[in-house]
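Positions in the sequence shown are counted from 1; adding 69 to them yields the numbering used here.
Yeah, the Cβ is synthetic: ideal placement off N, Cα and C, and Gly gets one too.
Note that the coordinates shown come from a computational prediction; the quantities given were computed from them, not determined experimentally.
Just below is one structure, and these are the notes that go with it.
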Amino acid sequence: MSFKIRYTLFILLIFGLISLVSFYFIYNTFARDVRDETLSHLQSTVEISSKALERALESVLIVATAKTKPEWVINSSILEIPGYGSTVEPEIEFSKEEETITARIFGIVNDMKYDVTIDFVKFVDAMIAKPRHGYYYIVSSDGFTLYHTFKERVGMNLRDVDLEDLFDHIMKERKGWYRYDYGGESIFVFFDKIDIPFKSDKEIFLANAILEDTVFSSLKKIKNFFLVIILPISLVVTLIGAYLISSMGVNKIQFQTESIANFTKSVATALSNLFVSSSEIQKAAENTALSSSNLSELVQNFAASAEEGKTEVNHSLDLMNSFLEHVERANDIIKETVELMDSLNELNEKITDLSDVISILAINASIESSKENIDREGIMKIADHIAKIASDAKETAKISKKTIRLVQEKISKVFEMSRSIEEEVASARSAMKNILQVIDSLTEGIMKLQGLSESLAAVSQETNAGVEEMVSSLEKIREEVSELERMSKKLKL
70 MSFKIRYTLF ILLIFGLISL VSFYFIYNTF ARDVRDETLS HLQSTVEISS KALERALESV
130 LIVATAKTKP EWVINSSILE IPGYGSTVEP EIEFSKEEET ITARIFGIVN DMKYDVTIDF
190 VKFVDAMIAK PRHGYYYIVS SDGFTLYHTF KERVGMNLRD VDLEDLFDHI MKERKGWYRY
250 DYGGESIFVF FDKIDIPFKS DKEIFLANAI LEDTVFSSLK KIKNFFLVII LPISLVVTLI
310 GAYLISSMGV NKIQFQTESI ANFTKSVATA LSNLFVSSSE IQKAAENTAL SSSNLSELVQ
370 NFAASAEEGK TEVNHSLDLM NSFLEHVERA NDIIKETVEL MDSLNELNEK ITDLSDVISI
430 LAINASIESS KENIDREGIM KIADHIAKIA SDAKETAKIS KKTIRLVQEK ISKVFEMSRS
490 IEEEVASARS AMKNILQVID SLTEGIMKLQ GLSESLAAVS QETNAGVEEM VSSLEKIREE
550 VSELERMSKK LKL
């Protein structure tokens, strides 16, 4: 597998992980908040209806004794004459009459004690609107249903239909919600105690039962929104980012690597030519009768210096070659990572904007769903809950930004390390200068050889040709080393 492919896959993996983590974190935050707010909204709806029934019961005697009686009044009779009103506390009794539940109320209206009997089921139907989802029922503290949206279920006992756990929970908590499985379906029940304004041997509770799928229908819409909109956007950003970074990074690295490789080959070729010329001069000197001893010693010293110079240059070139390649690669990756952080910041802003849009839609949906309610305080409470969702979403975006800033700080530390590397590059440049000085010394020795070779008549032409070739090779090495020094100065991390 080529380096470019590996590099691209690495960048794609980084982008993919960041996108998936962001997607998971944002979706879970929204899902949790929407779930909590949905449950709170439905519980508030039950509480509103419960309070409406309480207020209706407070005025039931006055309405039931009026000249025009509602259809839910079965009968009303006077028990005491005016002026002889009883001071006994008003009371209410519930009983089963054929197909319905009746409530018999004893109370005082205008100093007269009345005995009023009402059809409790019709009374509740008239006082509260039907639920938008699921069904209502009123259960007494002995387990019997005094009211049910489905009339055939009026008078049943929750304990007799395997709902004893639900009933026990209602009696214990008095207010809240409960989830249970019944008939192969998951059901949520939201309940609240109705404070009866009469003396009674029973407590009554209003409950709203809704299928779980209906309760969390809005959560499914949000999930689909994330899957259809946010996730594809994340994938597109991942692919584009990986492609751009891999293209820029690989091209730069390949360019620098090829330049250094060409430079190394040029220096190696020049050194090879240098040693070939040195060997030719040494061979010519051995065949010379005049000054053979001095010439041989000079050539041997030169060859030893050249060999040492070759080792030092090769070692320095290998180190510089590897060093420059890693420094350049690290520099590019760091710069591109900073650009990645900027892109994530922009994506974070977009997610914040999306949360605002979702909040507006949720508010509109809540208002629409509660049009049948008559209590505006409940509506305001619902709006406050949903506004909190938007606030939490923005807080999430702030946390994400804070995380990005921490990453950028770590990158800044890497830049500080890069400055240390730059100092090492300066040391490498100093080493290059030392090599240039060695080459200057070798050049001076060669010039002396050239002067000595002129006195050797028999091999002067051959020696001069070799010396000139050596001088040319050394000059070429000098130029290549100078180029390497110039390249190192360009490394600004």
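Quick one, are the C-beta atoms of residue i and residue j less than 8 Å apart?
i: K268; j: E158; result: yes
i: D261; j: S119; result: yes
i: F175; j: D188; result: no
i: L148; j: I263; result: no
i: I170; j: L215; result: yes
i: W141; j: K182; result: no
i: F163; j: S209; result: yes
i: T137; j: V178; result: no
i: P139; j: A195; result: yes
i: F285; j: R104; result: yes
When DSSP labels each residue in this structure, what does residue i get in the three-state scheme?
i: F175; result: strand
i: K199; result: coil
i: K136; result: coil
i: A358; result: At A358, the pLDDT of 47 sits below 50, so the modelled position is not reliable; the number obtained from the coordinates is stated separately. In the structure shown, A358 sits in coil (DSSP, three-state: anything other than H, G, I, E or B).
i: K271; result: coil
i: V193; result: helix
i: E544; result: helix
i: F94; result: helix
i: V142; result: strand
i: E254; result: strand
i: I87; result: helix
i: L560; result: Any reading at L560 must be qualified, since the residue scores a pLDDT of 48, below 50, and its modelled position is unreliable; no value is offered.
Which same chain residues end up closer than 6 Å to residue i when comparing Cβ atoms and leaving out the 5 residues on each side of it in sequence?
i: K220; result: none
i: R248; result: F257
i: I279; result: H202, G203 and F257
i: I207; result: L215, Y216, I273 and L275
i: Y205; result: T218 and N277
i: L126; result: P266
i: I83; result: none
For residue i, I'd like the list of residues in its chain whose CB is within less than 7 Å of its CB, leaving aside the five on either flank, ordered along the chain.
i: D211; result: K271
i: A358; result: Because A358 sits at a pLDDT of 47, beneath the cut-off of 50, its placement in the model cannot be relied upon, and the point is left open.
i: G253; result: none
i: E116; result: D261
i: E160; result: F175, F267, K268 and S269
i: L89; result: none
How would you write the range of the alpha helix (DSSP H) that residue i sits in, first residue to last?
i: T214; result: Here T214 belongs to no alpha helix (DSSP H); instead the beta strand (DSSP E) covers T214 to H217.
i: K241; result: E233 to E242
i: D264; result: That residue, D264, is in no alpha helix (DSSP H); it is neither H nor E in DSSP.
i: V284; result: E281 to V284
What residue range does the beta strand (DSSP E) around residue i cover?
i: E166; result: E160 to E166
i: V208; result: Y204 to S209
i: V185; result: M181 to D188
Within 7 Å: the Cβ of residue i and any heavy atom of the ligand COA?
i: S269; result: Of the ligands one can find in the structure shown there are none, so the ligand COA has no counterpart to examine.
Among the options, which one has its Cα closest to the Cα of residue i?
i: H217; options: E116, F274 and I239; result: F274
i: N226; options: K165, P200 and V129; result: K165
i: I239; options: K463, K290, I83 and F259; result: F259
i: D282; options: L108, K463, I265 and V90; result: L108
i: I131; options: K289, D229 and T186; result: T186
i: E233; options: I87, E418 and F213; result: F213
i: E167; options: S146, V223 and P200; result: V223
i: K290; options: I197, A198 and A100; result: A100
i: R173; options: S145, D229 and L86; result: S145
i: V193; options: E513, R124 and G245; result: R124
Residue i CB to nearest chain D CB: under 8 Å?
i: E538; result: Considering every chain present, this structure includes no chain D. It has just one protein chain.
Between which residues of its own chain and residue i is the CB-CB distance below 8 Å, once the five residues before and five after are set aside?
i: S231; result: The sequence given here places Asp at residue 231; Ser does not occur at that position. So the qualifying residues of the chain are Y251.
i: K467; result: none
i: R228; result: G212 and F236
i: W246; result: L108, L111, Q112, F257, V258, F259 and F260
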